[in-house]
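Chemist: Protein chains in written order, with the numbering used here: chain E, 339 to 732; chain A, -3 to 66.
#1: Whose CA, out of E:386, E:423 and E:614, lies closest to the CA of residue 643 (chain E)?
#2: Within the continuous beta strand (DSSP E) that includes residue 663 (chain E), where are the two ends?
#3: Scan the region 450 to 480 of chain E and note each continuous beta strand (DSSP E) run of 3 residues or more that stays entirely inside, going in chain order.
#4: Consider the Cβ of residue 479 (chain E): report whether some Cβ of chain A lies at a distance smaller than 8 Å.
#5: Return the chain-ordered ranges of every alpha helix (DSSP H) run that is complete within the region 503 to 566 of chain E and spans a minimum of 4 residues.
#6: Just how far apart, CA to CA, sit residue 521 (chain E) and residue 599 (chain E)?
#7: Identify whether residue 729 (chain E) lies in helix, strand or coil by the three-state DSSP scheme.
#8: How many angstroms separate the CA atom of residue 702 (chain E) from the CA atom of residue 708 (chain E)?
#9: Please confirm whether residue 32 (chain A) has its beta-carbon closer than 8 Å to some beta-carbon of chain E.
#10: Identify each residue in the region 537 to 564 of chain E for which the Cβ-Cβ distance to at least one residue of chain A is less than 7 Å, and report them in chain order.
#11: Under 8 Å: do the region 470 to 483 of chain E and the region 569 to 577 of chain E share three or more Cβ pairs, one atom per stretch?
#12: Please list, in chain order, the residues of the region -3 to 16 of chain A that have any C-beta partner in chain E closer than 7 Å.
#13: Taking its Cβ as the centre, do 16 or more other Cβ atoms sit within 10 Å of residue 626 (chain E), making it buried, or is it exposed?
#14: My output table needs one value for residue 436 (chain E): the three-state DSSP class, helix, strand or coil.
#15: Can you pull the chain E residues whose beta carbon is under 9 Å from the beta carbon of residue 51 (chain A), in chain order?
#16: Kindly provide the ranges of any beta strand (DSSP E) runs that are 3 or more residues long and lie completely inside the region 631 to 682 of chain E, ordered along the chain.
#17: Tell me whether the beta-carbon of residue 713 (chain E) lies closer than 8 Å to the beta-carbon of residue 686 (chain E).
#18: On the criterion of 16 or more Cβ atoms from any shown chain inside 10 Å, does residue 0 (chain A) qualify as buried, or is it exposed?
#19: Give me the Cα-Cα distance between residue 524 (chain E) and residue 4 (chain A), rounded to the nearest whole angstrom.
#20: Taking only beta-carbon atoms, is residue 589 (chain E) less than 8 Å away from chain A?
#21: Taking residue 695 (chain E) as the reference, give the member of E:418, E:400, E:469 and E:445 with the closest Cα.
#22: The alpha helix (DSSP H) with residue 56 (chain A) in it runs from where to where?
#23: Does DSSP put residue 441 (chain E) in a helix, in a strand, or in coil?
#24: Determine the direct distance from the alpha carbon of residue 404 (chain E) to that of residue 388 (chain E), and round the result to whole angstroms.
#25: Compare the Cα-Cα distances from residue 651 (chain E) to each of E:698, E:606, E:409 and E:495 and report the closest residue.
#26: Taking buried to mean at least 16 other C-beta atoms within 10 Å of its own C-beta, is residue 541 (chain E) buried or exposed?
#27: What's the C-alpha gap between residue 418 (chain E) and residue 682 (chain E)?
#28: Alpha carbons only, please: which of E:684, E:689 and E:661 is nearest the one belonging to residue 676 (chain E)?
#29: Can residue 403 (chain E) be considered in contact with the ligand HEM, in the sense that its beta carbon sits closer than 7 Å to one or more heavy atoms?
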């Protein structure tokens, strides 16, 4: 086991290629001498005390303790065909969901509206999103959240064995920023950009935060079939510099635009500025999917926000993604809302602004893309970090 | 078998390509009409065959996708 750092646990995640836990277990043993137990056999995270690794069969991922030479053996195996697809350090748990955030008071007065609504000018726009359908493909939605009483909400789960109910919280947060209220029933500042839009909540990530291309593509297809003008996707997977973008998602992005649906996706959070700028992840790195980076309330690029590294795979716009207050999946009091950060939070702000533009100008598809880029406020930041700048409500 | 996603050529109804995909060894999971996409699983060795079928534009292995970590 390696030494833990601020962002990693010292353990490793091994992405497994197919559904056969038994074959994967044999491969881990043969390649690196790692003894594993599978969740299909009742193993849990606690089993790591007695074996070297646990295979999460349903998501096709193993969590393993490995020495450096074992990690090297796994990485070599990942380059070759076989059950081992990818090896990466396991991130600290709160990082995957909601990174712990210091309880900083926003420099902006948030007594009435979040700083995010003010930064994109939503609070001074006459557009509301009324009549526009916005799909958020994420971990689901807390359908009985009091702040959404009386709203039009359609839901669909694309995760086998899980209802649309958001046991994670991330999906409910994103839906809040894109389409939540301006005067929340449970109190606090208004936090939703397109507060009268129709909400299409598609669950394409499990309650543990995992999904696959198949479920996401099914969710996009569902949103298109339902005539959603905007699809917000705060999800992705990190890519190495120089990795070609997906031809499938690029085709899907183009077909969606031609049918009047704009797909907006998170650029990713793998940068560690100022030392490291990571490339825009999959699928936001497709040219026909709008990639969103994150800024803070001082209009600075967030330290984690991915940047334009390769010829293709650019950041297109930025939006508020630090210290973002929105709805959460709790049942009472403080747990109804939460402050978190990420390009995940910036993305639904852009989806909300797109819904306002769609309503204001009856713009769809490529025209909507152009309206977003045209009206974005230039920030004096590198275009490689901020694209056209901070999106603005009409 | 590995999870795959297939795009069909512009203007082709995905359901018309499904029989050929199945003959080539693909187990079809979903036919996404609005997108012109078919998803499912296929033997690793069959992917090249799928690519060459009439009406097929691209074939890719599906990725694992999740919440962006910070």
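The beta-carbon is built from N, C-alpha and C at its ideal position, and this holds for glycine as well.
Modeler: On the basis of the supplied data:
#1: Here the question's residue 643 (chain E) lines up with position 305 in the first chain. If we check each option's Cα against that of residue 643 (chain E), E:614 comes out closest.
#2: Here residue 663 (chain E) refers to the residue found at position 325 when the first chain is read from its first residue. Per DSSP, residue 663 (chain E) belongs to the beta strand (DSSP E) from 662 to 665.
#3: 471 to 476
#4: For the purposes of this step, residue 479 (chain E) is identified with residue 141 of the first chain, where counting begins at 1. No, residue 479 (chain E) lies away from the interface with chain A (no Cβ there is under 8 Å from its Cβ).
#5: 508 to 517 and 551 to 563
#6: In the first chain, counting from the first residue as 1, residue 521 (chain E) sits at position 183. In the first chain, counting from the first residue as 1, residue 599 (chain E) sits at position 261. Answer to the nearest angstrom: the Cα atoms are 29 Å apart.
#7: Start at 1 with the first residue of the first chain, and residue 729 (chain E) comes out as number 391. The answer is coil: DSSP assigns residue 729 (chain E) none of H, G, I, E or B.
#8: Here the question's residue 702 (chain E) lines up with position 364 in the first chain. Here the question's residue 708 (chain E) lines up with position 370 in the first chain. When rounded, the distance between both Cα atoms is 10 Å.
#9: Within the second chain, numbered from 1, the residue matching residue 32 (chain A) stands at position 36. Chain E contact via Cβ: present.
#10: 543, 547, 548, 549, 550, 551, 552, 554, 555, 556, 558, 559, 562 and 563
#11: yes
#12: -3, -2, -1, 1 and 3
#13: Within the first chain, residue 626 (chain E) is the residue found at index 288, counting from 1. Result: buried.
#14: Here residue 436 (chain E) refers to the residue found at position 98 when the first chain is read from its first residue. In this prediction, residue 436 (chain E) scores a pLDDT of 35, lower than 50, which makes its location untrustworthy; no coordinate-derived value is stated.
#15: Stepping through the second chain from its first residue, residue 51 (chain A) is reached at position 55. Within 9 Å Cβ-Cβ: nothing; residue 51 (chain A) doesn't reach chain E, min ~14 Å.
#16: 655 to 658, 662 to 665 and 675 to 678
#17: Against the first chain, residue 713 (chain E) aligns to sequence position 375. Against the first chain, residue 686 (chain E) aligns to sequence position 348. Not in contact: residue 713 (chain E) and residue 686 (chain E) (Cβ atoms no closer than 8 Å).
#18: The residue you call residue 0 (chain A) lines up with position 4 of the second chain. With 16 or more other Cβ atoms within 10 Å, it is buried.
#19: To locate residue 524 (chain E), count along the first chain from 1; it is residue 186. To locate residue 4 (chain A), count along the second chain from 1; it is residue 8. Distance between the alpha carbons of residue 524 (chain E) and residue 4 (chain A): 48 Å.
#20: Translated into the one-based positions of the first chain, residue 589 (chain E) becomes position 251. Closer than 8 Å: yes.
#21: The count along the first chain starts at 1 and reaches residue 695 (chain E) at position 357. Comparing Cα-Cα distances from residue 695 (chain E) to each of E:418, E:400, E:469 and E:445, the minimum goes to E:469.
#22: The residue labelled residue 56 (chain A) in the question sits at position 60 within the second chain. No alpha helix (DSSP H) contains residue 56 (chain A), which is instead part of the beta strand (DSSP E) from 52 to 57.
#23: In the first chain, counting from the first residue as 1, residue 441 (chain E) sits at position 103. For residue 441 (chain E), the predicted structure reports a pLDDT of 49, less than 50, and the residue's modelled location is therefore unreliable. The matter cannot be settled from this model.
#24: Residue 388 (chain E) sits at position 50 when you count from the first residue of the first chain. Residue 404 (chain E) sits at position 66 when you count from the first residue of the first chain. Their Cα atoms are separated by approximately 14 Å.
#25: Working through the first chain from its first residue, we reach residue 651 (chain E) at position 313. The shortest Cα separation from residue 651 (chain E) among E:698, E:606, E:409 and E:495 belongs to E:606.
#26: Sequence index remark: in the first chain, residue 541 (chain E) carries index 203 (1-based). Label assigned to residue 541 (chain E): buried.
#27: Position 80 of the first chain, counting from 1, holds the residue named residue 418 (chain E). Position 344 of the first chain, counting from 1, holds the residue named residue 682 (chain E). Their Cα atoms are separated by approximately 33 Å.
#28: Stepping through the first chain from its first residue, residue 676 (chain E) is reached at position 338. Nearest C-alpha to residue 676 (chain E): E:661.
#29: Annotation note on the ligand HEM: not contained in the displayed structure, which lists no ligands.
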